[in-house]
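Report on one structure; see the data block that follows.
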Amino acid sequence: MMRNKRKPNIWYIHPYAGGPGVGRYSRPYFLAQHWIELGLRATVFSASFHHLLDRPQNDGAKIIGGVPYEFVKGRNYAGNGLGRLLNMMQFSWNFFRNSSEYASRYGKPDVIIASSPHPYSFLAARSVAKKYGAKIFFEVRDLWPLSLVELGGVSANHPVITFTEWVEKFAYKYSDRVVSLLPLTAPHMIDRGLAVERWAYVPNGIDRQESQHASEVHPIIPLAKEWRKNGSTIFIYAGALGRPNHVDSLVKAMSILKSQAGNSIKTIIVGKGEVESDLKKLVLELGLDADVRIFGQIPKAQIVELLGEVDAGFISLRPEPIFRFGISPNKLFDYMLAALPVVFAVHAGNDPVREADCGYSVAPGDAEAVALAMRNIASLSKAQRREMGNRGRSYVLKNHDYAALAASYVKLFEPS
């Protein structure tokens, strides 16, 4: 039970947490930062190794931008095989095993938030919550195991899926709150045992104060400046380069545009993933090496700087049934915060670009439609592009500001 007469102490367990100099996924950092500003205590628990880190971290305590982090030992891995699964299990076990030490270091928790994508840490988190009489929250970014089946192609009868489904239902049943980052998950969760009054929606967000300065200039920045100086309209994709991301449709759209007279559109692709080498080959095969440049993953500070040097953003996802629950993509909100018009090639239960009227929504994988949307944005005057981008910025500040999201989360901590 939450202790009275003082503001709560939050333990936020997120195995893939990022933050300044740590990694790209900054939700835990920004929420914890704003909770601390509101007078709460907050600590982020993350794995010492995961695939979204800028660099591996030594296990133990560290202060990141004023936020206490505890890096829990997790083995190194590559890919999505057994090594990653063992990392998940080791992280959960080590958090449970060392919980008394953590309580001495950070104070006993009043609320423990176990955040996905994988739900296994919930088992350890609930045990620790019971030990200290704390509330237990389950935060859901991805619907595991459904996304493993529908996106990953894993058999629904696989033992890992069976176990994960049990963990999912267990978490829905025993959480004090289930916080979804996706807007349309309530029916799915209720069907699996969640009481409707315990469901809440707190999406991904942005921090309006985020203006990290890169410690060094990446070669991509001078390239973007040179292209703009020469009058080009620059599109950017910044994110994962996996098969579900359909980034090949952007490259193919650039090939279509290249054949059209008067085209001055350039594209920068930043990220890493399984299709990175395939995309580079496609660029060469289509003769686009002067118009499309692909760079590996770069620190968030350099991404923020780069977004100020381009004209529009691109986001795409392969059509999948799982997206019927909605999406909450960080890269889209980053584009919006930078006041960039967006080409949104996604079919999902929600469409923030259409809601904000800040770009063009097209069919995913349709290179012709993507090319047309890009040409339409390029044909706008600078003032028109600025107006379109500012509508997106206004939308994201109104609906996805982490300061407001953190405050709404605090209300959930109060006794119901």
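Read the sequence shown against our numbering and you will find it ends at 1801, with the numbers running on by one and no gaps. The beta-carbon is built from N, C-alpha and C at its ideal position, and this holds for glycine as well.
- Secondary structure at Phe-1522: strand, using DSSP grouped into helix, strand and coil.
- By the Cβ rule, the segment 1512-1530 counts as touching the segment 1559-1578, because three or more pairs are nearer than 8 Å.
- Secondary structure of Ile-1654 (DSSP, three-state): strand.
- Excluding the 5 residues flanking it on each side, Ala-1499 has same chain C-beta neighbours closer than 6 Å at Ile-1398, Ser-1506, Phe-1507, Ala-1510, Phe-1523, in chain order.
- Residue pairing of Leu-1425 in beta bridges, as defined by DSSP: absent, with no partner found.
- Taking a C-beta distance under 7 Å as the contact criterion, Ile-1621 and Val-1695 qualify as a contact pair.
- In this structure, DSSP gives Val-1727 an extended state, which the three-state scheme calls strand.
- Closest by C-alpha distance to Pro-1400, out of Gln-1594, Glu-1422, Arg-1460, Trp-1420, is Arg-1460.
- Secondary structure note for Ala-1585: its beta strand (DSSP E) is the uninterrupted segment 1584-1586.
- Val-1689 is not bridged by DSSP to any residue.
- Under DSSP, Asp-1786 takes part in a beta bridge, and its partners are Ile-1591.
- Ranking Leu-1531, Pro-1604, Arg-1593 by CA distance to the CA of Thr-1570 puts Leu-1531 first.
- In the displayed model, Arg-1391 falls within coil according to three-state DSSP, outside both helix and strand.
- For Asp-1786, same chain residues with a beta-carbon under 7 Å away, outside a window of 5 residues either side, are Gly-1590, Ile-1591, Arg-1593 in chain order.
- From the listed residues Val-1728, Val-1539, Arg-1703, Gly-1711, the smallest Cα separation to Val-1587 is found for Gly-1711.
- At a Cβ-Cβ threshold of 7 Å, Ala-1752 and Lys-1637 count as neighbours.
- Contact between the segment 1771-1783 and the segment 1570-1580 is absent: fewer than 3 CB-CB pairs across the two stretches fall below 8 Å.
- A direct Cα-to-Cα measurement between Lys-1458 and Leu-1416 gives close to 23 Å.
- In the displayed model, Leu-1438 falls within a strand according to three-state DSSP.
- Distance from Trp-1420 to Ile-1497 at the Cβ level is roughly 14 Å; contact not present, criterion being Cβ atoms closer than 8 Å.
- Rounded to whole angstroms, the gap between the alpha carbons of Met-1639 and Leu-1692 is 19 Å.
- Here DSSP, grouped into helix, strand and coil, assigns Arg-1460 to coil.
- Spatial neighbours of Arg-1469 in its own chain (CB-CB distance under 6 Å, excluding positions within 5 residues in sequence) are listed in chain order as Tyr-1462.
- Take the alpha-carbon of Glu-1661 and the one of Ala-1789: they are about 36 Å apart.
- Trp-1529 carries a coil assignment under DSSP once its states are collapsed to helix, strand and coil.
- Distances from the CA of Ile-1654 to each of Ile-1700, Leu-1671, Lys-1610 were compared; the closest alpha carbon is that of Ile-1700.
- Distance check between Ile-1448 and each of Ser-1433, Gly-1466, Leu-1438, Val-1429 places Val-1429 closest, using alpha-carbon atoms only.
- The alpha helix (DSSP H) runs of length 4 or more contained entirely in the segment 1746-1775 are, from start to end of the chain, 1752-1764.
- In the three-state reduction of the DSSP assignment, Glu-1705 falls in the coil class.
- Excluding sequence positions up to five before and after Ser-1634, its CB lies within less than 8 Å of the CB of Ser-1701, Ala-1730, Pro-1749, Gly-1750, Asp-1751, Ala-1752, Val-1755, all in the same chain and listed in chain order.
- In its own chain, leaving out the 5 sequence neighbours on each side, no residue places its CB closer than 7 Å to the CB of Ser-1489.
- Counting only residues of its own chain and dropping the five nearest sequence neighbours on each side, Leu-1536 has a CB closer than 8 Å to the CB of Pro-1629, Glu-1705, Ile-1707.
- Approximately 17 Å separates the beta-carbon atoms of Leu-1608 and Leu-1664; this is outside 8 Å, ruling out the contact.
- The Cβ atoms of Met-1773 and Pro-1737 lie no closer than 7 Å to each other.
- Ranked by how close their Cα comes to the Cα of Thr-1618, the residues Arg-1770, Lys-1516, Asp-1444 have Arg-1770 in first place.
- Per DSSP, Tyr-1517 is one residue of the alpha helix (DSSP H) stretching across 1506-1517.
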